[in-house]
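If you use this note's numbering, the sequence shown corresponds to residues 126 to 371, in order.
Cβ coordinates follow ideal geometry from the N, Cα and C atoms, glycine included.
All of these numbers come straight from a predicted model, not from anything done at the bench.
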Amino acid sequence: MLINYTTIRLLSRNPRPALSSLSHTFESTTARISRFLSLGSRNMASTGRIVNPVLFVCDVQEKFRTAIWEFPKVISTSTKMVKAAKILNVPIFCTTQNAARLGATVPEITSLLPTDETAKTEVDKTAFSMMVPELQAQLPTNPTSALSVIIVGIETHICVTQTTLDLLAAGHRVYILADGVSSCNAGERPIALNRLAREGAIVTTSESLLFELIRDAKDTNFKAIAGLVKETKDETKAAVETFCKL
């Protein structure tokens with residue numbers, strides 16, 4: 126076979142790809158597909174109904190009263206959720222961050238906590254995540270399904286974020302109440318909530334979640350929950366309009 130000079134030049138300009146290059150391309154494509162499938166399965170795991178609910182109240186402490194953006198609205202949503210948890214027999218887990226320096230949980234919340242020690246857990250911590258061993262040891266254990274953890278408190282981008290990531294990693298479902306979390310800097314909230322939604326958490330509001338918990342107007346707790354919603358409608362409206370602006 127005769128190969129002229131032009132053919133040789135064309136072949137030299139367009140060499141066949143090396144096997145190592147093809148292998149690298151295949152591995153990169155496989156990695157991208159794996160990441161996509163992982164994201165899809167994470168999002169799918171976050172769908173469905175609330176089962177085995179627990180309420181996490183994260184570091185709503187006296188020292189933060191003047192530091193956190195719209196702190197009174199965090200308190201109003203947190204107190205509403207504590208009242209609802211008592212109606213629905215949902216276990217309450219309440220943490221403080223280094224209480225010796227930052228103070229106790231605000232009295233608006235502590236005055237509402239159940240007197241029955243089996244219905245509540247209070248833990249002081251130095252870790253930013255609420256998922257410290259002392260709290261984890263008190264979590265309900267159910268061999269058939271994960272917990273649905275409802276979170277209110279502060280700060281959205283630190284303790285709420287790290288708690289959520291630890292809960293998701295442990296296989297639990299997480300519901301963050303957008304009208305019940307805040308930070309010192311208002312701008313931190315949307316960034317943190319967007320990230321946590323991408324990670325697989327459900328970002329919702331307190332009123333939406335309460336009606337999702339009872340599901341049916343025939344539920345025996347409907348009247349009490351509807352009354353609580355009506356009682357707190359002004360505070361809820363103010364919190365949603367402040368925290369959940371589009």
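What ranges does the alpha helix (DSSP H) occupy inside the stretch 241–299, keeping only unbroken runs of at least 4 residues that lie completely in it? Secondary structure remark: continuous alpha helix (DSSP H) runs of at least 4 residues inside the stretch 241–299, in chain order: 258–261 and 286–294.
Stretch pair the stretch 208–226 + the stretch 300–312: three plus CB contacts closer than 8 Å: At 8 Å Cβ cutoff, the stretches do not touch.
Candidates Thr-240, Val-306, Glu-337 and Ala-342, of which the one nearest Pro-178 by Cα: For the purposes of this step, residue 178 is taken as the residue at position 53 of the sequence shown. Ranking the options by Cα distance to Pro-178, first place goes to Glu-337.
Nearest-angstrom Cα distance between Glu-360 and Ala-294? Here residue 360 refers to the residue found at position 235 when the sequence shown is read from its first residue. Here residue 294 refers to the residue found at position 169 when the sequence shown is read from its first residue. C-alpha of Glu-360 to C-alpha of Ala-294: approximately 33 Å in a straight line.
Enclosing alpha helix (DSSP H) for Phe-196 [first to last residue]: Locating residue 196 in the sequence shown gives position 71, where the first residue counts as 1. Looking at the DSSP string, the run of the alpha helix (DSSP H) that includes Phe-196 is 196–213.
Close beta carbons around Glu-233, own chain, < 7 Å, minus the five adjacent residues each side: Locating residue 233 in the sequence shown gives position 108, counting from the first residue. Taken in chain order, the residues that qualify are Ile-200 and Thr-204.
Can you tell me whether DSSP reads Leu-321 as helix, strand or coil? Residue mapping note: residue 321 aligns to position 196 of the sequence shown, counting from 1. It is helical.
Going by the beta-carbon positions, is the gap between Thr-330 and Leu-302 smaller than 9 Å? Position 205 of the sequence shown, counting from 1, holds the residue named residue 330. Position 177 of the sequence shown, counting from 1, holds the residue named residue 302. Their beta carbons are under 9 Å apart, which means Thr-330 touches Leu-302 by this criterion.
Distance, Leu-290 Cα to Arg-190 Cα: Taking the first residue of the sequence shown as 1, we reach residue 190 at position 65. Taking the first residue of the sequence shown as 1, we reach residue 290 at position 165. It is roughly 26 Å from the alpha-carbon of Arg-190 to the alpha-carbon of Leu-290.
So what does Val-328 bridge to, in DSSP terms? Residue mapping note: residue 328 aligns to position 203 of the sequence shown, counting from 1. Looking at the DSSP output, Val-328 shares a beta bridge with Ile-301.
Helix, strand or coil: which one does DSSP assign to Asn-168? In the sequence shown, the residue the question calls residue 168 occupies position 43. Reliability fails at Asn-168, whose pLDDT of 46 lies under 50, so the model's placement of it is uncertain and the value that follows must be treated cautiously. When secondary structure is reduced to three states using DSSP, Asn-168 falls in the helix class.
By the DSSP assignment, the beta strand (DSSP E) with Leu-180 in it spans what residues? In the sequence shown, the residue the question calls residue 180 occupies position 55. Start and end: 178–183.
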